[in-house]
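In what follows, a single structure is set out as structure tokens and then discussed.
Numbering (my numbering), first residue to last: 940 to 1221.
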């Protein structure tokens, strides 16, 4: 990035940090009584700004305070609603477990998803404009940034939720440097577009990282027959991946701030995720 006056940089970073301010996206308010709030005691939390060509990509970062030695790292890929309070809370939960957790704002070039009051408009005006190639490059940037800022490059994992669940599958076919990936209720099939030319099932045989897929049996947006096709497709990969289906859960079952929250599935899914990371050395 070219040299800029200090006042400009402060103003720019203040603007970017505002997109990561505490709070839930407008489209999901009011939040449910089941919302989990994880404090930051014993943690270092806040925004970071990662250079990506001629822009700075904002990210929310949480890590154990006063940690000695490089930390195992988890990249957290946002839901459709962006890096709002729920995603930040997930980062704090991971940090409490000893991880350096980083959630990059992967829509920041296209818009602020937190400001939209309905999903349809958000999808049309922001989400469909985000190219998969851009996201893959930004995630590569996150992995490199983590290694230079206290993360252990030999112990990196990634997890994604909803929109991020689809991205998680795609990234498993993109970057072999990661140890493990967990995809929460991410779409596996769909129509190709200029920005989304491939779907997870298209790259299932090329997975370079073991993936754990977590799905709801009552998900109205991701049919079980498609999940079962994905289960068959990943068997052609050289990496040992698997899919777990929670029969009584719907889409977004880990989203404790929404009516879709399914406590039993969410708790078991979190345990499955952390065990998957440990099993693969993260």
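Virtual Cβ for every residue (Gly too), placed ideally from N, Cα, C.
With residue i as the anchor, note down where its alpha helix (DSSP H) starts and where it stops.
i, result
"residue 1000", "From DSSP, residue 1000 is part of no alpha helix (DSSP H) but of the beta strand (DSSP E) over 994-1003."
"residue 1163", "1163-1172"
"residue 1010", "Unbroken run through residue 1010 is the beta strand (DSSP E), 1010-1016; no alpha helix (DSSP H)."
"residue 1210", "1202-1218"
"residue 1142", "1139-1142"
Taking 7 Å as the limit between beta carbons, can you name the residues of its chain near residue i, skipping five residues before and five after?
i, result
"residue 1197", "967, 971, 1191"
"residue 1074", "1045, 1106"
"residue 1031", "977, 979, 982, 984, 1001"
"residue 1178", "1146, 1147, 1148, 1149"
"residue 1158", "1124, 1189, 1190"
"residue 1090", "1009, 1010, 1012, 1039"
"residue 973", "1195, 1200"
"residue 987", "998, 1000"
Between which two residues does the beta strand (DSSP E) containing residue i stretch?
i, result
"residue 983", "982-991"
"residue 1152", "1150-1155"
"residue 1184", "1181-1185"
Among residues of its own chain, excluding the 5 on either side of residue i, which ones have a beta-carbon nearer than 6 Å to its beta-carbon?
i, result
"residue 981", "1004"
"residue 1166", "1154"
"residue 1111", "1120, 1146, 1148, 1150"
Buried or exposed, going by whether 16 or more other CB atoms sit within 10 Å of the CB of residue i?
i, result
"residue 1082", "buried"
"residue 1011", "buried"
"residue 1126", "buried"
"residue 1210", "exposed"
"residue 1138", "buried"
"residue 1007", "exposed"
"residue 1214", "exposed"
"residue 954", "Caution applies to residue 954, whose pLDDT of 47 falls short of 50 and renders its modelled position unreliable; the model cannot decide the point."
"residue 1206", "exposed"
Taking one C-beta from the region 969-978 and one from the region 1007-1021 each time, how about it: are there three or more such pairs within less than 8 Å?
no
Whole alpha helix (DSSP H) elements within the region 1035-1119, 4-residue minimum: 1058-1064, 1071-1087, 1102-1111
task: Would you check if the region 1116-1132 and the region 1051-1060 touch, i.e. whether three or more CB-CB distances between them fall below 8 Å?
output: no
Quiz item: If we count Cβ pairs, one from each stretch, closer than 8 Å, do we get three or more for the region 1090-1099 versus the region 1198-1206?
Solution: No, because fewer than three Cβ pairs between the region 1090-1099 and the region 1198-1206 fall closer than 8 Å, the two stretches do not touch.
message = Between the region 1141-1158 and the region 1175-1191, can you find at least three pairs of beta-carbon atoms closer than 8 Å?
response = yes
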